[in-house]
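Below: the structure, in structure tokens.
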Ligand SMILES: Nc1ncnc2c1ncn2[C@@H]1O[C@H](COP(=O)(O)OP(=O)(O)OP(=O)(O)O)[C@@H](O)[C@H]1O
Ligand SMILES: [Mg+2]
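In structure tokens form, the structure reads like this:
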């Protein structure tokens, strides 16, 4: 078993509403998985369960050897191995770009400032924003802010990266720059779980595509699955999406 | 009505005015710093998931905000004295002021903290930061920046209400003024001078808060925008 992320029959409810109805999925090291599906199908919830932003009712989740379903899990150890980027960037507005990126390495990993600064510079170079280190988030465009958010996660050197519709809040002309960064990451061998509405990205970059429907993994396949859906639900979804 | 002003009668008392003003300022600074620390801790307690702690902090805040400061002062000075703990007047005054202003601080700071976007907390959480780290690095400074005008306004009000402590004979500005006017029988002049000094103290305090704000809120200083 070399799966880095493994979900087994995961059930998750909010109150009376069951949102995940037995989700199973295994992600190998170095794989980039795109998760697609209608609004409300449980994509974000599934992603958030992987790094324990949500707790599940039953089933098993193992991530980099951490039993995420275990109530006694040391959540902060898990978080060291899992990075997540959100639709709404969530940068810390009172800190410069560099400080945003250095914060967790310094406070969580106890790195020296100089080491953290070097790490930040490296991460910023990777997302093409080396010259923005001293800017504040509000001085950046949405696409730039999102790339800083990616750099902030990368600086913690996670094993796995989760992305939740990271381009959905961006103007079309800004999505490209963010998707390119993610494509580079995937090519560099990062294990990635990417919830996205960008079918082009899913087709071109993802090793596998997972179609979620009504709280279940409905169909899994490679890029060709989008052109050749096996289920009527995915067919309808694709027809609607195009 | 004819009244001949005679400020000359007060001239020999100016060192006492200065002492009173300095004591008022010292009490204010001490209570501001302690009140900010205690009030922030109470705000955090009130936001805690621990129901008991949260209720306790809430009860404290409501009690203080719904009783007069003078009663709180008497309670701490005379109440504790009859329980056998005799505090020096100035100590009792400062304790009462901290006890009082911390409750107002807690409510103001809590509002600032509650305005932290949830996503920022999730991001910090996901980066592996602990709750104390999140409070210190993510929540606190922007919260203070958001409520800074309300907060400093509260501390200036508190500075003015130090005058209440003259009721237990604290020799701050108002207490001093009382002594002087009963010695000179020049109450009109005395209170005009005292009012002027309070105004001056307010200006000093405002300037101090302004400078502190500049030092504390780097982003605001550089960009001039609000959070
Ligand atoms: N914190 C919550 N409390 C209650 N219900 C929730 C919560 N979060 C999500 N839900 C519900 O769970 C269902 C799945 O939501 P989820 O956000 O996982 O969907 P999604 O596939 O990510 O959709 P979208 O494409 O719109 O982001 C929705 O019906 C949503 O209303
Ligand atoms: Mg979602």
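Protein chains in written order, with full-length UniProt numbering: chain A, 1 to 242; chain B, 1 to 227.
Just so it is clear, CB atoms sit at the ideal spot from N, CA and C, and this is done for glycine as well.
Since the structure is predicted, the reported quantities are computational estimates derived from the model, not experimental observations.
In the DSSP annotation of this structure, the continuous segment of the alpha helix (DSSP H) that includes residue 213 of chain B starts and ends at 187-216. For residue 8 of chain A, the enclosing beta strand (DSSP E) begins and ends at 3-14. For the pair residue 166 of chain A and residue 146 of chain A, the CB atoms are nearer than the 8 angstroms cut-off. Using beta-carbon distances, residue 226 of chain B does not count as an interface residue toward chain A, since no partner is under 8 angstroms. For a Cβ distance threshold of 7 angstroms, residue set 119 of chain B lies close to residue 88 of chain A, ordered along the chain. For the stretch 133-144 of chain B, the set of positions with a beta-carbon nearer than 7 angstroms to some beta-carbon of chain A reads 133, 137, 138, 141 and 142 in chain order.
The three-state reading of DSSP puts residue 84 of chain A in strand, counting E and B together. When rounded, the separation of the alpha-carbon atoms in residue 124 of chain A and residue 133 of chain A is 8 angstroms.
An exposed status is given to residue 223 of chain B, since fewer than 16 other beta-carbon atoms sit within 10 Å of its beta-carbon. Under the DSSP assignment, residue 156 of chain A falls outside any beta strand (DSSP E); it carries neither an H nor an E label. Looking only at B:108, B:159 and B:93, the smallest Cα-Cα distance to residue 32 of chain B is reached by B:159.
Counting along the chain, residue 100 of chain A sits inside the alpha helix (DSSP H) bounded by residues 97-107.
Between residue 225 of chain A and residue 219 of chain A a beta carbon distance of about 6 angstroms is seen, short of the 8 angstroms cut, so the two are scored as contacting. Judged by their CB atoms, residue 77 of chain B and residue 85 of chain B are not nearer to each other than the 8 angstroms cut-off. In this structure, residue 45 of chain A has its beta carbon less than 7 angstroms from a heavy atom of ligand 1. It is roughly 9 angstroms from the alpha-carbon of residue 73 of chain B to the alpha-carbon of residue 94 of chain B. Scanning chain B for C-beta atoms nearer than 7 angstroms to the C-beta of residue 104 of chain A yields 127, 128 and 129, reported in chain order. In chain order, 136, 138 and 139 make up the part of chain A whose C-beta sits under 8 angstroms from the C-beta of residue 223 of chain B. At least one CB atom of chain B sits nearer than 8 angstroms to the CB of residue 79 of chain A.
In the three-state DSSP reduction, residue 166 of chain A falls in the coil class, being neither helix nor strand. Contact residues of the stretch 46-78 of chain A toward chain B are 51, 53 and 76 (C-beta to C-beta distance below 7 angstroms). The alpha carbon of residue 103 of chain B has as its nearest neighbour, out of B:37, B:200 and B:149, the alpha carbon of B:37. The stretch 82-124 of chain B is shown to contain whole alpha helix (DSSP H) runs of 4 or more residues at 89-114, in chain order.
By the 16-neighbour rule on beta-carbons within 10 angstroms, residue 71 of chain B is exposed.
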